[in-house]
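**Student:** Counting in the working numbering, the sequence shown runs from 2 upward without gaps.
Have a look at the structure that comes next, please.
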Amino acid sequence: MVLGLFKRILGRNGSSLEDRLLRAKTLFEDPDDAAKGFSELSVLAREGNAEAQFLVGQAYLNATGAPPNLIEGVRWTRRAAKKGWGQAGFILATLYLYGLPAEAEADQSSVSVFDEVEAPEVKPKPDYHKAAFWAKLAAEAGNPDAQAMYGYILCNGPEDIRNPDEGVLWYKKAAQAGCIQGNLGLGIAALNAAQSDEDYAQAAIELDKAAQKGLGTALYLMGVLVERGLGREASITEAMQYYAQAAEHHVSSAQAKYGVGLMLGQGVERDTVRGETWLRRAALAGDAEAAATLGDMYGRGGDLPPNYAEAVAWYRYASDHGHAAASYTLGNLYREGVAVPQDVQEAKRWFKVAVEQGNGEAAANLGNMVLQGKISPEAGQEILNAYQAKAEQGDYLSAFNFGVCLAQGVGTQPNEAEALKWLHKAAERVVNAQYWYGTMLLNGRGAEKDPVEGRAWIKKAADAGMVEAQIAYADLLIKGEGGDKNHPEALTLYENAAKAGQVWAMFSVGAMYGGGHDIPQDRVAAQRWFLEAAQRGNAAAQLMMGRYLSLGLAGDKNILDAKKWYAKAKAQDVAQAASELANLEEQEKTSVSEPG
């Protein structure tokens with residue numbers, strides 16, 4: 002018995018286990034000897050050493066000293082986690098959150114470490130329950146990364162394991178141990194619960210701690226807070242600095258924001274080449290909004306002539322990534338034959354995709370196509386029946402689509418009262434439904450007109466980030482319809498929508514800064530926003546550019562450019578532009594004919 006204990010302590014070759022493990026780790030960390038180190042670690046792993054088991058798992062997962070093998074990597078990591086190796090529990094929880102194949106579940110000791118097992122081609126779904134089990138085990142053992150991850154699972158996992166209050170406690174433990182993911186989690190939790198500027202300020206404190214350590218997501222969120230003036234003083238220049246840093250950390254949303262900023266010269270020196278580069282990076286990383294922005298940019302032209310083929314390609318890419326507005330745009334392009342051959346069937350297909358992605362206007366267009374005889378009533382009926390079946394099974398998005406079809410008469414006679422019922426049901430979960438339901442109440446469609454309730458629902462959609470709802474709610478705040486007027490809040494909403502590329506919002510910001518509203522007049526800012534909208538084809542903004550430049554309202558007169566903008570507005574049948582252009586030309590003639 003004493004001899005057996007002696008052998009276990011010294012190992013097979015007379016060296017202690019500690020010496021053997023140190024030698025194996027030293028070899029493993031040397032790129033030239035990694036394979037030899039892996040071989041020695043494998044022996045120790047089979048003998049039951051937890052650290053060796055963890056390192057063998059890492060070798061398979063990272064293809065260091067061994068061929069890549071997800072299945073074996075998981076098995077050896079699990080064995081280390083069962084022995085209480087904290088980092089192994091964290092890695093295992095991370096893998097379960099990404100999704101693991103069924104083959105990784107078995108832990109057969111008879112399987113050789115050198116056997117290769119191929120992972121399936123189809124990516125499995127995340128398993129929050131198993132991730133929670135291993136994260137909790139490692140968190141309770143004191144691993145800060147696992148504490149932050151367990152906090153994330155408790156705050157964001159399925160309903161049956163969700164416990165945000167406990168999740169925040171684990172975030173705090175992780176943050177106290179110096180884990181910046183803990184600070185990020187605390188910041189996001191505070192953002193989700195924020196109702197006042199003080200709440201946003203508290204969220205900013207935690208996010209800033211993570212941002213200062215270079216965490217990309219925290220840098221992006223700090224940019225959002227600063228851009229919107231939530232918990233921090235609003236500064237588009239400072240926001241762009243955060244976005245630039247987050248973009249370098251491969252945060253696609255930040256890349257898109259920074260790209261747009263560079264394209265428009267907002268908070269940063271205008272640079273369309275770099276702006277396009279960052280938008281491309283964001284789009285290729287899967288950011289649908291960036292892809293749609295590129296589609297808009299190539300479609301309308303600007304510094305360069307329009308490139309319709311490129312525009313359509315980016316719209317398709319955005320649609321493939323779930324961007325409803327891009328799908329809707331493709332439907333319009335095919336319906337009108339702009340940039341692509343006119344094709345009613347393709348238009349119908351893209352409108353259907355847009356409706357399935359939550360775009361209500363696409364359903365209205367399908368209805369119009371049915372009424373115009375461009376697609377058969379049978380096709381409209383087929384669309385209606387498909388949405389109705391899913392809606393009756395409790396699918397909220399289908400309930401929204403069914404409600405829109407009923408309102409617009411797709412496959413049936415319009416029935417706004419019935420539409421309102423389904424939109425109300427969908428509004429529990431679907432932001433677009435909140436907007437539609439509020440708009441119908443506001444206009445008395447399907448029920449007695451109710452401006453107060455309608456405004457409340459539109460506000461919900463606006464608070465959820467729907468740009469169209471933000472513009473609509475800002476309009477209500479300007480007019481005081483359904484509640485009090487609030488011009489400063491309206492301006493903030495318009496500016497957010499304008500920064501997201503909404504042209505009408507750009508014009509509205511210019512109009513507010515132009516005077517006559519409860520905010521300080523700033524005609525220089527007004528002209529800047531009018532120019533943004535005018536360059537994107539907004540006729541009203543083109544008219545205002547003509548006025549500003551002809552009268553020098555923002556400081557400088559430029560009659561030549563004023564005439565150009567008046568002419569553009571006139572070409573869009575703006576009557577005032579035609580008369581003001583004529584007056585301007587008459588004044589020029591009079592000025593020339595008068596004796597010096």
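No residue lacks a Cβ here, since even glycine has one placed at the ideal position from N, Cα and C.
Roughly how many angstroms lie between the CA atoms of residue 263 and residue 42, to the nearest whole one?
**Tutor:** To locate residue 263, count along the sequence shown from 1; it is residue 262. To locate residue 42, count along the sequence shown from 1; it is residue 41. Their backbone Cα atoms lie some 51 Å apart in a straight line.
**Student:** Among 322, 416, 406, 347, which one has its Cα closest to the Cα of residue 333?
**Tutor:** Here residue 333 corresponds to residue number 332 of the sequence shown, with the count starting at 1. Residue 333 has its Cα closest to that of 347, out of 322, 416, 406, 347.
**Student:** Could you name the residues of the same chain whose beta carbon sits closer than 6 Å to that of residue 168, not counting the 5 residues immediately before and after it, in chain order?
**Tutor:** Here residue 168 is taken as the residue at index 167 of the sequence shown, counted from 1. So the list reads 152, 155, 156, once near-sequence residues are dropped.
**Student:** By Cβ distance below 7 Å, which residues in the same chain neighbour residue 419 in space, the five residues on each side in sequence not counted?
**Tutor:** By 1-based counting over the sequence shown, the position of residue 419 is 418. Result list for residue 419: 407, in chain order.
**Student:** By the three-class DSSP mapping on this structure, what secondary structure does residue 632 have?
**Tutor:** Because the chain here runs from 2 to 597, residue 632 falls outside it and cannot be looked at.
**Student:** Do three or more CB pairs link the stretch 170-189 to the stretch 131-151 at distances below 8 Å?
**Tutor:** Judged by Cβ distances under 8 Å, the stretch 170-189 makes contact with the stretch 131-151, as three or more pairs qualify.
**Student:** Alpha carbons only, please: which of 358, 285, 275 is nearest the one belonging to residue 251?
**Tutor:** For the purposes of this step, residue 251 is taken as the residue at position 250 of the sequence shown. Closest by alpha carbon: 285.
**Student:** What does a CB cutoff of less than 7 Å around residue 470 pick up in its chain, not counting 5 residues either side in sequence?
**Tutor:** By one-based count along the sequence shown, residue 470 stands at place 469. Here the set comprises 436, 459, 462, 463.
**Student:** Whole alpha helix (DSSP H) runs in the stretch 533-559 with 4 or more residues, listed along the chain?
**Tutor:** With a minimum length of 4 residues, the continuous alpha helix (DSSP H) runs that stay inside the stretch 533-559 are 540-552.
**Student:** Figure out for me which residue from 213, 191, 46, 556 has the closest Cα to the Cα of residue 18.
**Tutor:** As a working note, residue 18 is residue 17 in the sequence shown. Residue 18 has its Cα closest to that of 46, out of 213, 191, 46, 556.
**Student:** According to the neighbour-count rule (16 or more other Cβ atoms, all chains shown, within 10 Å of its Cβ), is residue 432 buried or exposed?
**Tutor:** Your numbering for residue 432 matches position 431 in the sequence shown. Result: buried.
**Student:** Taking only the alpha-carbon atoms, compute the straight-line gap between residue 587 and residue 538 and give it to the nearest angstrom.
**Tutor:** Along the sequence shown, read from residue 1 onward, the residue named residue 587 stands at position 586. Along the sequence shown, read from residue 1 onward, the residue named residue 538 stands at position 537. Answer to the nearest angstrom: the Cα atoms are 26 Å apart.
**Student:** Which class does residue 17 belong to by DSSP, given the choice of helix, strand or coil?
**Tutor:** Along the sequence shown, read from residue 1 onward, the residue named residue 17 stands at position 16. Residue 17 falls in the coil class under three-state DSSP.
**Student:** Can you list, in chain order, the stretches of the beta strand (DSSP E) that have 3 or more residues and sit fully within the stretch 226-310?
**Tutor:** The qualifying runs do not exist here; there are none.
**Student:** Can you name the start and end residues of the alpha helix (DSSP H) that residue 456 belongs to?
**Tutor:** Here the question's residue 456 lines up with position 455 in the sequence shown. Residue 456 -> alpha helix (DSSP H) spans 452-464.
**Student:** Can you give me the C-alpha to C-alpha distance between residue 35 and residue 273, rounded to a whole angstrom?
**Tutor:** Working through the sequence shown from its first residue, we reach residue 35 at position 34. Working through the sequence shown from its first residue, we reach residue 273 at position 272. Spanning the two alpha carbons is a distance of roughly 47 Å.
**Student:** Could you tell me which whole alpha helix (DSSP H) segments of length 4 or greater appear in the stretch 343-403?
**Tutor:** If we require 4 residues or more, the alpha helix (DSSP H) runs fully inside the stretch 343-403 come out as 345-357, 361-372, 378-393.
**Student:** Exposed or buried, what is residue 671 when buried is set at 16 or more other beta-carbons lying within 10 Å of its beta-carbon?
**Tutor:** Given that the chain is displayed from residue 2 to residue 597, the structure contains no residue 671 and the question cannot be resolved.
**Student:** If you draw a straight line from the C-alpha of residue 186 to the C-alpha of residue 172, how long is it?
**Tutor:** Here the question's residue 186 lines up with position 185 in the sequence shown. Here the question's residue 172 lines up with position 171 in the sequence shown. So the alpha carbons of these two residues sit roughly 6 Å apart.
**Student:** Which class does residue 328 belong to by DSSP, given the choice of helix, strand or coil?
**Tutor:** Locating residue 328 in the sequence shown gives position 327, counting from the first residue. Here residue 328 sits in helix by DSSP.
**Student:** Excluding the five sequence neighbours on either side, which residues of its own chain have a C-beta within less than 8 Å of the C-beta of residue 386, listed in chain order?
**Tutor:** Residue 386 sits at position 385 when you count from the first residue of the sequence shown. If we look at residue 386 and ignore the five residues flanking it on each side, its Cβ neighbours are 412.
**Student:** Confirm, please, whether the CB-CB distance from residue 205 to residue 232 is below 7 Å.
**Tutor:** Mapped onto the sequence shown, residue 232 falls at position 231. Mapped onto the sequence shown, residue 205 falls at position 204. In this structure, residue 205 lies closer than 7 Å to residue 232 by Cβ.
**Student:** Going by C-alpha to C-alpha distance, which of 491, 521, 341 sits closest to residue 509?
**Tutor:** Taking the first residue of the sequence shown as 1, we reach residue 509 at position 508. Cα-wise, what sits closest to residue 509 is 491.
**Student:** Among 289, 234, 229, which residue has its Cα nearest to the Cα of residue 253?
**Tutor:** Position 252 of the sequence shown, counted from the start, is the residue given in the question as residue 253. Comparing Cα positions, the closest option is 289.
**Student:** Report the option in 269, 523, 84 whose CA atom is closest to the CA atom of residue 54.
**Tutor:** The residue you call residue 54 lines up with position 53 of the sequence shown. Nearest option by C-alpha distance: 84.
**Student:** Of all the options 165, 88, 415, which has the alpha carbon lying nearest to the alpha carbon of residue 371?
**Tutor:** Taking the sequence shown and counting its residues from 1, the one referred to as residue 371 is at position 370. Ranking 165, 88, 415 by Cα distance to residue 371 puts 415 first.
**Student:** For residue 356, is the classification buried or exposed, using 16 other Cβ atoms within 10 angstroms of its Cβ as the cut-off for buried?
**Tutor:** Working through the sequence shown from its first residue, we reach residue 356 at position 355. Looking at its Cβ environment, which holds 16 or more other Cβ atoms inside 10 Å, residue 356 is buried.
**Student:** Indicate whether the contact test is met: 3 or more Cβ pairs, each with one atom in the stretch 476-487 and one in the stretch 500-508, closer than 8 Å.
**Tutor:** No contact exists between the stretch 476-487 and the stretch 500-508.
**Student:** Residues in the same chain with beta-carbon distance under 6 Å from residue 473, minus the five sequence neighbours each way, listed in chain order, please.
**Tutor:** As a first step, residue 473 must be located in the sequence shown, where it is residue number 472. If we look at residue 473 and ignore the five residues flanking it on each side, its Cβ neighbours are 459.
**Student:** If I measure Cβ to Cβ from residue 74 and keep anything under 6 Å in the same chain, skipping five residues before and after, which residues do I get?
**Tutor:** Working through the sequence shown from its first residue, we reach residue 74 at position 73. Cβ within range, chain order: 58, 61, 62.
**Student:** I think residue 427 touches residue 401, with their Cβ atoms under 8 Å apart; what is that distance to the nearest whole Å?
**Tutor:** In the sequence shown, the residue the question calls residue 427 occupies position 426. In the sequence shown, the residue the question calls residue 401 occupies position 400. About 4 Å separates the two Cβ atoms, so the contact holds.
**Student:** Is residue 330 close to chain C, meaning its C-beta is less than 7 Å from at least one C-beta of that chain?
**Tutor:** Absent from the structure: chain C. Only one protein chain is present.
**Student:** Measuring alpha carbon to alpha carbon, tell me which of 127, 483, 287, 404 ends up nearest residue 453.
**Tutor:** Taking the sequence shown and counting its residues from 1, one reaches residue 453 at position 452. Minimum Cα distance to residue 453 is reached at 483.
**Student:** Who are the Cβ neighbours of residue 217 in its own chain at under 6 Å, not counting the five residues just before and after it?
**Tutor:** In the sequence shown, the residue the question calls residue 217 occupies position 216. For residue 217, where only same-chain residues beyond five positions count, the Cβ hits under 6 Å are 247, 250, 252.
**Student:** Please classify residue 328: is it buried, with 16 or more other beta-carbons within 10 angstroms of its beta-carbon, or exposed?
**Tutor:** Residue mapping note: residue 328 aligns to position 327 of the sequence shown, counting from 1. Classification of residue 328: buried, given that the 10 Å Cβ count is 16 or more.
**Student:** Pop quiz: residue 93 and residue 82 are said to be a contact at Cβ under 8 Å. What is the actual Cβ separation, rounded to whole angstroms?
**Tutor:** One-based indexing of the sequence shown puts residue 93 at position 92. One-based indexing of the sequence shown puts residue 82 at position 81. So it is a contact: roughly 5 Å between Cβ atoms.
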